[in-house]
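In the working numbering, the protein residues as written are 1181 to 1513.
C-beta: ideal position from N, C-alpha, C; glycine also.
It should be emphasised that the depicted structure is a prediction, and the values quoted were computed from it without experimental measurement.
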Ligand SMILES: NC(=O)c1ccc[n+]([C@@H]2O[C@H](COP(=O)([O-])OP(=O)(O)OC[C@H]3O[C@@H](n4cnc5c(N)ncnc54)[C@H](O)[C@@H]3O)[C@@H](O)[C@H]2O)c1
């Protein structure tokens, strides 16, 4: 089978991580990298042994990759994704973009629509759903062991003590993961209400409490924070239905099923040998899943963790911000 020719645009820590993973993946051949900062481009090109560029269009014309990772950042950690994403799609590439899809909903909509127009696979690195524990929980759900949904309790917190470029940075940049996991298990969100607080000395909304109502009628809650100094655990997802309840702890560490009909629980525990060793493995799993889908010719509208999913998560976050500012419950449109 032909390997996919892959390029990475944006070479901070995250772009370099994508590039390392492509180099090690049997489905991919890393053929080039790009950063608008010449030193970053050169350093990564040398390290990885591939041609480097400072302009995405020049890279696309010279290398004609099948797949591009867009790992740029910018204002609210996402304003720079739009331009190279549109350029790569226009050149006929399949694109895996970093989260958040964009800090601007209008631009995110354009990106999703353009990918659809070009019939290219467009995915977002919603890596928290790409773990064995999350897959097992999804399997329990498919088997009917959760049943009609009742509630979802989600929490994600990390220590990020520095205030960044916008009061909404934490809400927009951290919560795409959590909202995606909530949507992954419970479907679309219809209504949102948000309270938030600024930890002492901070001007950014750094801790938030978000209530949601899903389209199914089930209810949900998200606690998110940048203020937890020592994060003994960072993420917890609990989903309950009439047949049972599961809890996923720290993305890949453990998933526990609490069936309604018995006191006997079922537990998946990340194995010592052959399990995930750390957060990087969520990237490895997610990137491989995208490469597999593209190699298998999965239709663009069937891609797991798609651009449309990234957009839907961001709309929930923007509704939460509107709720925070107005004190109202906000419909997600
Ligand atoms: N999925 C996750 O778990 C996860 C974790 C952390 C960060 N991220 C995301 O990864 C992205 C990158 O994060 P980072 O910390 O590496 O950011 P960074 O700012 O360190 O690096 C981004 C790089 O992109 C380059 N760039 C911007 N626009 C460009 C363009 N048009 N062409 C070429 N290069 C361009 C910048 O020069 C910079 O070097 C962010 O969107 C962030 O939200 C995701």
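Can you find a heavy atom of ligand 1 that lies under 6 Å from the Cβ of residue i?
| i | result |
| --- | --- |
| residue 1311 | no |
| residue 1360 | no |
| residue 1252 | yes |
| residue 1258 | yes |
| residue 1417 | no |
| residue 1265 | no |
| residue 1272 | no |
| residue 1430 | no |
| residue 1300 | no |
| residue 1464 | no |
| residue 1278 | yes |
| residue 1192 | yes |
| residue 1216 | yes |
| residue 1355 | no |
| residue 1236 | yes |
| residue 1305 | yes |
| residue 1408 | no |
| residue 1497 | no |
With distances taken between CB atoms, is the gap from residue i to residue j smaller than 7 Å?
| i | j | result |
| --- | --- | --- |
| residue 1365 | residue 1422 | no |
| residue 1350 | residue 1386 | yes |
| residue 1407 | residue 1379 | yes |
| residue 1207 | residue 1471 | yes |
| residue 1339 | residue 1411 | yes |
| residue 1306 | residue 1398 | no |
| residue 1369 | residue 1496 | yes |
| residue 1254 | residue 1326 | no |
| residue 1284 | residue 1185 | no |
| residue 1354 | residue 1404 | yes |
| residue 1394 | residue 1367 | yes |
| residue 1304 | residue 1448 | no |
| residue 1333 | residue 1401 | yes |
| residue 1256 | residue 1358 | no |
| residue 1280 | residue 1203 | no |
| residue 1480 | residue 1273 | no |
| residue 1295 | residue 1485 | no |
| residue 1313 | residue 1435 | yes |
| residue 1376 | residue 1504 | yes |
Output needed for residue i: all residues of its chain with C-beta closer than 7 Å, excluding positions within five of it in sequence on either side, in chain order.
| i | result |
| --- | --- |
| residue 1213 | 1187, 1188, 1191, 1199, 1221, 1224, 1225, 1228, 1230, 1232 |
| residue 1264 | 1189, 1236, 1250, 1252 |
| residue 1201 | 1463, 1464, 1467 |
| residue 1429 | 1413, 1416 |
| residue 1320 | 1326, 1426, 1437 |
| residue 1336 | 1354, 1357, 1358, 1404, 1414, 1415 |
When DSSP labels each residue in this structure, what does residue i get in the three-state scheme?
| i | result |
| --- | --- |
| residue 1482 | helix |
| residue 1218 | helix |
| residue 1207 | coil |
| residue 1427 | strand |
| residue 1356 | helix |
| residue 1327 | coil |
| residue 1406 | coil |
| residue 1303 | strand |
| residue 1452 | coil |
| residue 1438 | strand |
| residue 1243 | helix |
| residue 1416 | strand |
| residue 1254 | coil |
| residue 1195 | helix |
| residue 1523 | Not covered by the structure: residue 1523. The range shown for the chain is 1181 to 1513. |
Would you mind sorting residue i into buried or exposed? The rule is 16 or more other CB atoms within 10 Å of its CB.
| i | result |
| --- | --- |
| residue 1476 | exposed |
| residue 1308 | buried |
| residue 1195 | buried |
| residue 1342 | exposed |
| residue 1271 | buried |
| residue 1311 | buried |
| residue 1219 | exposed |
| residue 1217 | exposed |
| residue 1293 | exposed |
| residue 1452 | exposed |
| residue 1383 | exposed |
By Cβ distance below 8 Å, which residues in the same chain neighbour residue i in space, the five residues on each side in sequence not counted?
| i | result |
| --- | --- |
| residue 1282 | 1258, 1259, 1261, 1262, 1288, 1291, 1494 |
| residue 1438 | 1424, 1425, 1426, 1427, 1445 |
| residue 1211 | 1185, 1186, 1187, 1230, 1231, 1243, 1245 |
| residue 1234 | 1214, 1215, 1216, 1217, 1218, 1221 |
Please list, in chain order, all residues of the same chain as residue i whose beta carbon is under 6 Å from its beta carbon, the five residues on each side excluded.
| i | result |
| --- | --- |
| residue 1500 | 1372, 1374, 1390 |
| residue 1456 | 1432, 1450 |
| residue 1268 | 1248, 1275 |
| residue 1473 | 1483 |
| residue 1362 | 1332, 1334, 1400 |
| residue 1392 | 1369, 1372, 1400 |
| residue 1396 | 1329, 1367 |
| residue 1209 | 1183, 1185 |
| residue 1277 | 1250, 1261, 1265, 1304 |
For chain B, check one thing: does any of its Cβ atoms lie closer than 7 Å to the Cβ of residue i?
| i | result |
| --- | --- |
| residue 1480 | Going by chain labels, chain B is absent from the structure shown, which holds only one protein chain. |
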